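Quick notes on the structure that follows.
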Amino acid sequence: MAKIRDLKRVINNELSLVIEECYVWQLVNPDKAEKAEDVIDEAIAHFDNLIDRVNADNLQNKKVHFQNIKTDLNKVTAELLEKLPKL
Numbered sequence: 150m151a152k153i154r155d156l157k158r159v160i161n162n163e164l165s166l167v168i169e170e171c172y173v174w175q176l177v178n179p180d181k182a183e184k185a186e187d188v189i190d191e192a193i194a195h196f197d198n199l200i201d202r203v204n205a206d207n208l209q210n211k212k213v214h215f216q217n218i219k220t221d222l223n224k225v226t227a228e229l230l231e232k233l234p235k236l
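Given below as structure tokens:
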């Protein structure tokens, strides 16, 4: 149980940092603030998806499943952070 809780915290922390970066970007670029809202919405959607995957039942191989979630989290975080300078 503690490992699942830790994974949920990591997901929350990583995507919260992305959202925080979006807010900072909005403060620096107030004329384009609406564009960052799309990235925030996407981060929230990915958060919901990843948490749903963590809470999945009846897994064949839990270790592989959770490693895939971690890999996807890193990929999503990198993609979202790459979108900010391009706005």
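Using the numbering used here, read the sequence shown as starting at 150 and increasing by one per residue.
No residue lacks a Cβ here, since even glycine has one placed at the ideal position from N, Cα and C.
Values in this document were obtained by computation on a predicted structure and should not be read as measured data.
Do you know how far the Cα of residue 218 is from the Cα of residue 205?
Each residue's alpha carbon lies about 11 Å from the other.
Take every Cβ of the region 185 to 205, pair it with every Cβ of the region 153 to 167, and state whether three or more of those distances are shorter than 8 Å.
Result yes; three or more Cβ-Cβ pairs closer than 8 Å.
Along the chain, which unbroken stretches of the alpha helix (DSSP H) at least 4 residues long are found entirely within the region 150 to 185?
Here the runs fully enclosed are 151 to 177.
Taking 8 Å as the cut-off, does the region 170 to 185 touch the region 226 to 236 (at least 3 CB pairs, one atom from each stretch)?
The answer is yes - the region 170 to 185 touches the region 226 to 236, with three or more Cβ pairs under 8 Å.
Does DSSP classify residue 191 as helix, strand or coil?
Note: residue 191 maps to helix in three-state DSSP.
Shortest alpha-carbon distance to residue 152 belongs to which of 196, 221 and 212?
That would be 212, whose Cα lies nearest to the Cα of residue 152.
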